[in-house]
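Asks:
2 protein chains.
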Amino acid sequence: MGDKERFKELVREIGITNNVVSTLEWDMRVCLPPKASAYRAETMGYLSAKLYELKTASELIELANKLASAGDIDPVTAAMSKKIIKDNKRLTEIPAKLYSEYTEHSFKTELLWQVARAKNDYDMLKKDLEREFELKRQIAESHGFIDNPMDGLVGESDDQINTALLDDIFGEIKPFVQSLLEKINQSGIKRDKSRIFGKYPFDKQREFCTRMIAEAGYDLEAGRLDESAHPFSFPNDKTDIRMTTRYFEENFTSAVTSSMHEMGHSIYGQNHADELRHTTLDCAPSGGWDEGQSRFFENIIGRSRQFWTYFLPIAKTYFDGLDEMTIDDFYYSLNAVNISPLRLSSDELTYNLHIIIRYELEKLIFAKQINFNDLPSAWNDKYMEYLGIIPKNDAEGILQDMHWASGYIGSYQNYVIGNCYDGHLLNKMRQDIPDMYDQVAAGKFGEIFNWQVKNVHVHGSLYSPAELLERVTGESLSPKHYLDYIGNKFSEVYKLN
Amino acid sequence: MGDKERFKELVREIGITNNVVSTLEWDMRVCLPPKASAYRAETMGYLSAKLYELKTASELIELANKLASAGDIDPVTAAMSKKIIKDNKRLTEIPAKLYSEYTEHSFKTELLWQVARAKNDYDMLKKDLEREFELKRQIAESHGFIDNPMDGLVGESDDQINTALLDDIFGEIKPFVQSLLEKINQSGIKRDKSRIFGKYPFDKQREFCTRMIAEAGYDLEAGRLDESAHPFSFPNDKTDIRMTTRYFEENFTSAVTSSMHEMGHSIYGQNHADELRHTTLDCAPSGGWDEGQSRFFENIIGRSRQFWTYFLPIAKTYFDGLDEMTIDDFYYSLNAVNISPLRLSSDELTYNLHIIIRYELEKLIFAKQINFNDLPSAWNDKYMEYLGIIPKNDAEGILQDMHWASGYIGSYQNYVIGNCYDGHLLNKMRQDIPDMYDQVAAGKFGEIFNWQVKNVHVHGSLYSPAELLERVTGESLSPKHYLDYIGNKFSEVYKLN
Chain A
1 MGDKERFKEL VREIGITNNV VSTLEWDMRV CLPPKASAYR AETMGYLSAK LYELKTASEL
61 IELANKLASA GDIDPVTAAM SKKIIKDNKR LTEIPAKLYS EYTEHSFKTE LLWQVARAKN
121 DYDMLKKDLE REFELKRQIA ESHGFIDNPM DGLVGESDDQ INTALLDDIF GEIKPFVQSL
181 LEKINQSGIK RDKSRIFGKY PFDKQREFCT RMIAEAGYDL EAGRLDESAH PFSFPNDKTD
241 IRMTTRYFEE NFTSAVTSSM HEMGHSIYGQ NHADELRHTT LDCAPSGGWD EGQSRFFENI
301 IGRSRQFWTY FLPIAKTYFD GLDEMTIDDF YYSLNAVNIS PLRLSSDELT YNLHIIIRYE
361 LEKLIFAKQI NFNDLPSAWN DKYMEYLGII PKNDAEGILQ DMHWASGYIG SYQNYVIGNC
421 YDGHLLNKMR QDIPDMYDQV AAGKFGEIFN WQVKNVHVHG SLYSPAELLE RVTGESLSPK
481 HYLDYIGNKF SEVYKLN
Chain B
1 MGDKERFKEL VREIGITNNV VSTLEWDMRV CLPPKASAYR AETMGYLSAK LYELKTASEL
61 IELANKLASA GDIDPVTAAM SKKIIKDNKR LTEIPAKLYS EYTEHSFKTE LLWQVARAKN
121 DYDMLKKDLE REFELKRQIA ESHGFIDNPM DGLVGESDDQ INTALLDDIF GEIKPFVQSL
181 LEKINQSGIK RDKSRIFGKY PFDKQREFCT RMIAEAGYDL EAGRLDESAH PFSFPNDKTD
241 IRMTTRYFEE NFTSAVTSSM HEMGHSIYGQ NHADELRHTT LDCAPSGGWD EGQSRFFENI
301 IGRSRQFWTY FLPIAKTYFD GLDEMTIDDF YYSLNAVNIS PLRLSSDELT YNLHIIIRYE
361 LEKLIFAKQI NFNDLPSAWN DKYMEYLGII PKNDAEGILQ DMHWASGYIG SYQNYVIGNC
421 YDGHLLNKMR QDIPDMYDQV AAGKFGEIFN WQVKNVHVHG SLYSPAELLE RVTGESLSPK
481 HYLDYIGNKF SEVYKLN
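From first to last, the protein sequence lines stand for chains A and B.
Once you know that position 1 of the first sequence is 1 in our numbering, the rest is easy, because the numbers rise by one and skip nothing.
Once you know that position 376 of the second sequence is 376 in our numbering, the rest is easy, because the numbers rise by one and skip nothing.
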């Protein structure tokens, strides 16, 4: 067996094991019997240790180095070698003991968070949450970011991202959103989210969401739509990309937007090039790119007037109580600015502030300018400052998201970076497909879908985040197009001009 | 780390990997998107190769040998060492190339069988089925059974079983059943299976079956009841033993009997001793014992008059159309002798003949006294000879079962050996719990359940099949008690005395 063949074989083992882990995670969220959680945690720990062994095996790294320096290598093998070398470096920088403590602690803390949120009891989580941040700090420091450990976290999947860049980008977005909010407040125009509220049977919502994602491009024969407490899309081989959503009886658009969001992740996974199967390049090049795809389909398509021009008449055949609803009613209600303490209940515009609040708190924690006793009130102060609202308790304040408890620390920014990528993509797509929104209004998603497949999905992680953006748009990361988009949209919704 | 601790660690890896495979098999039967089957096959092949590596690792075998010959070892470690040594011997006797060809071929042939059965086309399966038998012959021969390869297969999980013993046991059962059938025919008494037929909504059947298995002892918090084309129970850690059933609208007792059957397997798995967790002793000591538990709950409990004395009134609250049904009507209808070409539609009595037919055909194949062109007609001839019926096509004849296509060759006898174990267990249980059937009639399953847990379930594979029988009953394997049971039962159903 040649070096390249042996290398591919070893990489395939990592790919298969990754996908086994992902399938078991799906199972954990959707199917696992209650008493089985401890055993499943143990299984995940075992597989995670196996993955560590596979990813850091000396044979693999030697082959990767050999192939990376070979002149005449194909682009997939070249990218694969670089990724293996980089992953190995990051993994082996982390002491094994720290890595396994972190893995175990995250799993335990996520479970504890579920209880703490249900009981609205921050104190029961506090110690473990602090430890979670401490372990993450140690991980970041083991990568060599002594000055600002946040840089070791926010740049995890994207070398170009660091706190300085994020400060710049968020420094543009925050005042823009705040000033827009002020104009909206002064406009006197009221848009009411609850116009859409009604009684929408779960089975009808299931049918509607299934039809919607299938029409928008999700391949139900290479995936499934199920339910879980938190909507997810699960990475795997392109033939098996599963997603979940959740249904609320009074508002079917909640399941619609979360389904469109997860569908964005999922069609990305279903459409990587065949040559990336059996590698670990069959994923987005960064969290920002992944969130970009999900938010493109959730917001730019799924919250557009044209999307509902097509889908509102269809929704009326599924649900009672929408007969009198005009497209204006519906569109303005769906896009009503909703100042909420809850990130997941927020609108497209204020969502950015929810993320920026979390990012700023992470920075304060890593700068040791705040301690964990004061974290809930710091959280509430930020909500008061940016959104003029105070969560009525910690369950709808600091306990609302599982991210920190699960170890997703230094990753919230991906949602807003994803918005920025979407700005770039939308700008380019409108040049390439000038009538794109007319197509959406006619229920024709094929050309838009194919554009994303051809320009983004097929490439997986073959290019770095910055290279991919350059290839598709010729540009480098900036919030400009996104702010143009969001500014225009909400100016129209609130008749600001 | 001491030898024993290291040994336990290595065994735990096998246990976890086994359970990952089992969870993925459950997923394959219940959840897998259609396009994902090829990738899943590849994943299963990979994990099966990993299991082979783990089970035959020289470090493990050396430790097992060392511990097996140590004097002062605890019973679990002693049994574990013996099992590891035996499994290794069997696995390494098989050439690696043969093993992987067999694994791949079985998977492929099971998929082909699905198509062949749907199309009623034996010819499309014939060549691969013949190859499957040939590979099984080579596997059996690699174990050293040159004279009669069948002995290398039927004794797979139970050293005491060989074709000579099976010929003896079946040599008693076959004429007994045949003579009973003749008396039933001559009795003039008619029992009609279709008396129960009606229209039973699926959701009501689901609710009823769930309630029934929960009352009978299945822990729904450490398992799940789902649906699949073929009912299964999936081995795993005791906290996660899942089962499936299937529903037919016209006859709810089909789902009832298959649920009770799979529940029998599942409660076995849920009740192994805690000390057997993380070993590979947390399973039945043989296929016969496993089928014994499933058939005990399906037949000896689930098809008893007393079971329905309790559950018929409950069933009437779930289903319309049963109001006029008396317990006599119901019990006799449920136990009507049903001469059918289909094993899974047969009654408790003729079921034995379905199995014996398959066993006899396997023997003919291994003796090269039959070729695969003639197999369907040989199948049909046996059905004519033993049951007086000819399948109207191969789909309800030789193609009805997936067993042979999937590589379950030389294993059908387990169902009848399971019946024999049940005879022994019932005989002993009636001594220990004289009013056991009165308890069933009152819906009290606790004492029977606990008897099985204490005498059978907790032991897992700690004892050999013969040792376990000896411990529980002081007897050695014989069909006597079973024939007493089945003779008495059907004599009463058909009023033969």
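Cβ atoms here follow ideal geometry from the backbone N, Cα and C, with glycine treated the same way.
With DSSP as the reference, identify every bridge partner of B:E360, one or two as the case may be.
Replies: B:E360 is not bridged to any residue.
Asks: Using a C-beta to C-beta distance shorter than 7 angstroms, which residues of chain D count as neighbours of B:K35?
Replies: Of the protein chains in this structure, namely A and B, none is chain D.
Asks: For A:T23, report the span of its beta strand (DSSP E) as first-last.
Replies: Taken as a continuous stretch (DSSP letters only), A:T23 belongs to no beta strand (DSSP E), being part of the alpha helix (DSSP H) at D3 to V30.
Asks: Opposite B:L225 in the DSSP bridges: which residues?
Replies: BP columns for B:L225 point to B:M243.
Asks: With 8 angstroms as the C-beta to C-beta threshold (strictly closer), list the residues of the region 14-32 of chain B near chain A in chain order.
Replies: Result list: I16, N19, V20, T23, L24, D27, C31 and L32.
Asks: Who does B:S106 pair with in a DSSP beta bridge?
Replies: Answer is none; B:S106 lacks a bridge partner.
Asks: Mind the definition here: the region 259-269 of chain A touches the region 224-241 of chain A only if three or more C-beta pairs lie below 8 angstroms; say whether that holds.
Replies: Touching, yes.
Asks: Just how far apart, CA to CA, sit A:T92 and A:I161?
Replies: Taking the straight line joining both Cα atoms gives about 22 angstroms.
Asks: Using a Cβ-Cβ cutoff of 7 angstroms, what residues of the region 40-56 of chain B are near chain A? List them in chain order.
Replies: Correct list: T43 and Y46.
Asks: Assign A:N352 to one of two classes, buried (16 or more other C-beta atoms within 10 Å of its C-beta) or exposed (fewer than that).
Replies: That one is buried.
Asks: At which residue ranges does the region 302-359 of chain B contain complete alpha helix (DSSP H) runs of 4 or more residues, listed in the order of the chain?
Replies: Here the runs fully enclosed are 305-318 and 327-334.
Asks: Buried or exposed for B:A79, please, with buried defined as at least 16 other CB atoms from any protein chain shown within 10 angstroms of its CB.
Replies: So B:A79 counts as buried.
Asks: Under the three-state reduction of DSSP, which class applies to B:S233: helix, strand or coil?
Replies: Strand, per DSSP.
Asks: Starting from B:I196, trace the alpha helix (DSSP H) both ways and give me its first and last residue.
Replies: Segment: none, B:I196 is in no alpha helix (DSSP H) and carries neither H nor E.
Asks: Among the residues of its own chain, which have a CB less than 7 angstroms from the CB of A:K82, if the five just before and after it don't count?
Replies: Excluding residues within five positions, the ones whose Cβ falls inside 7 angstroms are A68.
Asks: Which two residues bound the contiguous alpha helix (DSSP H) that contains A:V440?
Replies: Segment M436 to A441, the alpha helix (DSSP H) holding A:V440.
Asks: CB-CB under 7 angstroms to A:Q205, same chain, minus the five flanking residues each way: which ones, in chain order?
Replies: Only Y247, F252 and A255 meet the Cβ criterion.
Asks: Within the region 49-90 of chain B, note down every full alpha helix (DSSP H) run reaching 4 residues or more, in order along the chain.
Replies: Counting whole runs of 4 or more residues, the region 49-90 of chain B contains the alpha helix (DSSP H) stretches 58-68.
Asks: Can you give me the C-alpha to C-alpha distance between A:L10 and A:V76, rounded to a whole angstrom?
Replies: C-alpha separation (whole angstroms): 15 angstroms.
Asks: Starting from B:I448 and walking both ways along the alpha helix (DSSP H), at which residues does that stretch end?
Replies: First-last of the alpha helix (DSSP H) with B:I448: G446 to N455.
Asks: So, under 8 angstroms CB-CB, B:L98 and B:L135 are touching, yes? Tell me the CB distance rounded to an integer number of Å.
Replies: With a Cβ gap of about 7 angstroms, B:L98 and B:L135 count as contacting.
Asks: Which value, in whole angstroms, describes the spacing of the CA atoms of B:N65 and B:I85?
Replies: Distance between the alpha carbons of B:N65 and B:I85: 7 angstroms.
Asks: May I ask you to report which of helix, strand or coil DSSP gives A:L281?
Replies: A:L281: coil per DSSP, three-state reduction.
Asks: Measuring CA to CA, which of A:S22, A:R29 and A:L166 is closest to A:E360?
Replies: Residue A:L166 is the option with its Cα nearest to A:E360.
Asks: Given a cut-off of 8 angstroms, decide if B:F208 and B:A506 are closer than it, judged by their beta-carbon atoms.
Replies: Since the first residue of chain B shown is 1 and the last is 497, residue 506 of chain B is not available in this structure.
Asks: From the DSSP output, in three-state form, read off A:F372 for me.
Replies: A:F372 falls in the coil class under three-state DSSP.
Asks: On a Cα-Cα basis, can you pick out the residue from B:E110, B:I94, B:I61 and B:L47 that is closest to B:F145?
Replies: Checked all of B:E110, B:I94, B:I61 and B:L47; the closest Cα to B:F145 is B:I94.
Asks: Got a sec, what are the start and stop residues for the alpha helix (DSSP H) A:H481 sits in?
Replies: Run containing A:H481: K480 to V493, per the alpha helix (DSSP H) assignment.
Asks: Go to A:A273, then tell me how far its alpha helix (DSSP H) extends in each direction, as first and last residue.
Replies: Taken as a continuous stretch (DSSP letters only), A:A273 belongs to no alpha helix (DSSP H), as it is neither H nor E.
Asks: Could you name the residues of the same chain whose beta carbon sits closer than 6 angstroms to that of A:D422, not counting the 5 residues immediately before and after it, in chain order?
Replies: Closer than 6 angstroms at the Cβ level, and outside the excluded window around A:D422, lie G292, R295, F296 and I300.
Asks: With a threshold of 8 angstroms on Cβ separation, who are the neighbours of A:I61 within its own chain once the five nearest residues in sequence on each side are excluded?
Replies: Closer than 8 angstroms at the Cβ level, and outside the excluded window around A:I61, lie I84, I85 and N88.
Asks: Hey, B:N380 and B:V493: beta-carbon distance below 8 angstroms or not?
Replies: Not a contact, by the Cβ cut-off of 8 angstroms.
Asks: According to DSSP, simplified to helix, strand and coil, what is A:H143?
Replies: Here A:H143 sits in coil by DSSP.
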